[in-house]
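Encoded as structure tokens, the structure appears first; notes follow it.
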Amino acid sequence: MKGLLLAVGILLALYVVDQHSNHGQYTDAVQRMASQMRHSFGV
1 MKGLLLAVGI LLALYVVDQH SNHGQYTDAV QRMASQMRHS FGV
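Here you go:
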């Protein structure tokens, strides 16, 4: 459980850094990729 919380914390920190330094371009790309994967798997 500690590992999961640590991973979520790291991902949240990376998200915040991306939003401030790169205007969210990497976050947007990951969201588009996840959306395409959901569509491919029919989720």
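The sequence shown begins at 1 in the working numbering and counts up one residue at a time. Quick reminder that beta carbons are idealized off the backbone N, C-alpha and C, glycines included. Note that the structure is a prediction, hence the values are computed from the model and not measured.
Residue i - DSSP class collapsed to helix/strand/coil
i, result
"histidine 23", "coil"
"valine 30", "helix"
"glycine 3", "helix"
"glycine 42", "coil"
Chain-order list of residues whose beta-carbon lies under 8 Å from that of residue i (same chain, five-residue window excluded)
i, result
"aspartate 18", "Gly24, Gln25, Tyr26 and Thr27"
Residue closest to residue i, alpha-carbon to alpha-carbon, out of the options
i, options, result
"valine 30", "Val43, His20, Leu14 and Gly42", "Leu14"
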